[in-house]
Amino acid sequence: MLANRKEININNRLFYKASRERTPLNGTFELTPLCNLDCKMCYIKMTKSEMDNVGNLRSNNEWLEIAKQAKEEGLLYLLLTGGEVFSIPNFKDLYLELKNIGFIISINSNGTLINDSTIEWLSKSPPSRINITLYGASNETYEKLCGDSRGFDKVSKAIDMLLEIGVEIKLNCSLTPFNIHDLEEIHKFANEKKLVLQVSSYMYPPVRRDNDSIGSNLGRFTAKEAGINFVKNDILSLGVDDFKAKANRCKNGVEFFESRHGCTNINGNTMACRAGKSSFWISWDGKMQCCGMMNYPASYPFKNMNFKDAWKQIVKEVDSIRTSIKCLNCSKKFMCISCPAMAVTETGKLDGTPNYVCEMMNEVLKEMERKVEVI
Numbered sequence: 000m001l002a003n004r005k006e007i008n009i010n011n012r013l014f015y016k017a018s019r020e021r022t023p024l025n026g027t028f029e030l031t032p033l034c035n036l037d038c039k040m041c042y043i044k045m046t047k048s049e050m051d052n053v054g055n056l057r058s059n060n061e062w063l064e065i066a067k068q069a070k071e072e073g074l075l076y077l078l079l080t081g082g083e084v085f086s087i088p089n090f091k092d093l094y095l096e097l098k099n100i101g102f103i104i105s106i107n108s109n110g111t112l113i114n115d116s117t118i119e120w121l122s123k124s125p126p127s128r129i130n131i132t133l134y135g136a137s138n139e140t141y142e143k144l145c146g147d148s149r150g151f152d153k154v155s156k157a158i159d160m161l162l163e164i165g166v167e168i169k170l171n172c173s174l175t176p177f178n179i180h181d182l183e184e185i186h187k188f189a190n191e192k193k194l195v196l197q198v199s200s201y202m203y204p205p206v207r208r209d210n211d212s213i214g215s216n217l218g219r220f221t222a223k224e225a226g227i228n229f230v231k232n233d234i235l236s237l238g239v240d241d242f243k244a245k246a247n248r249c250k251n252g253v254e255f256f257e258s259r260h261g262c263t264n265i266n267g268n269t270m271a272c273r274a275g276k277s278s279f280w281i282s283w284d285g286k287m288q289c290c291g292m293m294n295y296p297a298s299y300p301f302k303n304m305n306f307k308d309a310w311k312q313i314v315k316e317v318d319s320i321r322t323s324i325k326c327l328n329c330s331k332k333f334m335c336i337s338c339p340a341m342a343v344t345e346t347g348k349l350d351g352t353p354n355y356v357c358e359m360m361n362e363v364l365k366e367m368e369r370k371v372e373v374i
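The end of the sequence shown is residue 374 by numbering that gives the first Met the number 0, with every number in the run present.
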């Protein structure tokens, strides 16, 4: 436990210094929009024909060249994501080359394509962590939400194999109307495996794959439902006593919510997280973005293979972002998860007020008060 705290403190210091100096300490390479699952709420998934109509995948050599340039600018922590990275035929080769460069690599995966062969090479060169998205606690839920009638069996087996070779795993869960009935079993699964579980009841509108989807995601809850299920998950995560303490802090206006998306929100009307300060995201089609949920600001590091200038452009544009004045002056901002990515995907404007999020967080407060009285 003490070692974990020391590691967290060191990481926080590194990121504080990197953000202050605008050093790209952390990066994400989104290698593909293709995936073997077809999740109803996904913000990026494309078919091969859809992808071919709008862009091309980057080659391993292109990714490696950009990675080497990024390392020169300070990149240390690298996340490899998709789509589904284990669906890429030459992913192993790229991963091993990136490891040899010296990055601390983590991987996002749905886990269903991890097999004995994958385990064999991962055991020889393991990542720092694999983040596995758990979409349910049964094959029936996986079929309903993701289109795979054996999905839960596959991911369960993958998790057991990864744990056997000592790979650290974190579970992420995207909560939707199609899997909410599994929430208790998902927590039970995580507890039995002794794994960290991060659950989100908020789903971004998928503007990355559909420009017309601003403010809409057909696979998500209503704002009120998202708020109610946010609280339901808090009770399961925290336990009754800690939940009541948190609810009391919220009632008194002193609770600070950390986003369920791994970001941190800070009071103010500028970009408050690490995006564009010490962190970047490069999409499958070659755009550098400050955040993977947003289409802009964007720069193009693969043009002339120039990472440094692309990063400088992102930093400059992020520093000029100003968020909603209404949000800045809101009495509930102390507990709100809203951020510029939510604003732009919900409203089309970086300084827009994401009413869906407002309604959701108002419901969170109401539901907290209701639950404190009955549990």
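Each residue gets a CB set at the ideal place from its N, CA and C atoms; glycine is no exception. Predicted, not measured: the structure shown is a model, and the values here were computed from it.
Return helix, strand or coil for residue i, following the three-state DSSP convention.
i	result
K169	strand
N264	Its pLDDT being 47, under 50, N264 is placed unreliably by the model, and the measurement read from it follows with that caveat. Reduced to three states, the DSSP call for N264 is coil.
N8	helix
F301	coil
G26	strand
F333	helix
M160	helix
M40	coil
M292	coil
L33	coil
V206	coil
M360	helix
L182	helix
D350	coil
R219	coil
N60	helix
E119	helix
E83	coil
F155	Note on residue identity: the sequence assigns Ser, not Phe, to residue 155. The answer is helix: DSSP assigns S155 an H, G or I state.
I374	coil
R21	coil
K16	helix
I213	coil
Which partner residues does residue i have in the DSSP bridge list?
i	result
V198	C172
S105	L78, R128
A274	S278
M287	I281, S298
Between the beta-carbon of residue i and the beta-carbon of residue j, is there less than 9 Å?
i	j	result
V363	V230	yes
M40	P205	yes
A188	A136	Strictly speaking, residue 188 in this sequence is Phe, with Ala absent from that position. Yes, Cβ-Cβ distance for F188 and A136 is below 9 Å.
T132	F177	no
G165	P126	no
S212	M359	no
P23	G82	no
S323	T352	yes
R207	Y42	yes
L30	I65	no
D147	T111	yes
Need the endpoints of the alpha helix (DSSP H) that residue i sits in, please.
i	result
I100	90-100
I324	324-327
A340	339-346
T140	138-145
G226	222-237
N52	47-53
F306	306-318
Identify, in the order they occur along the chain, each residue of the same chain with its Cβ nearer than 6 Å to the Cβ of residue i, setting aside the five sequence neighbours on each side.
i	result
I281	F28, M287
K243	V371
K44	C34
F333	G252
S105	L78, P126, S127, R128
Please confirm whether any heavy atom of the ligand HEM lies closer than 8 Å to the CB of residue i.
i	result
L364	Judged by which ligands are present, the structure shown has none, so any question about the ligand HEM falls away.
Which residues in the same chain have their Cβ closer than 8 Å to the Cβ of residue i, if we skip the five residues on either side of it in sequence?
i	result
T175	K39, M40, L144, M202, G218, R219, F220
L349	I320, R321, T322, P339, A342, V343
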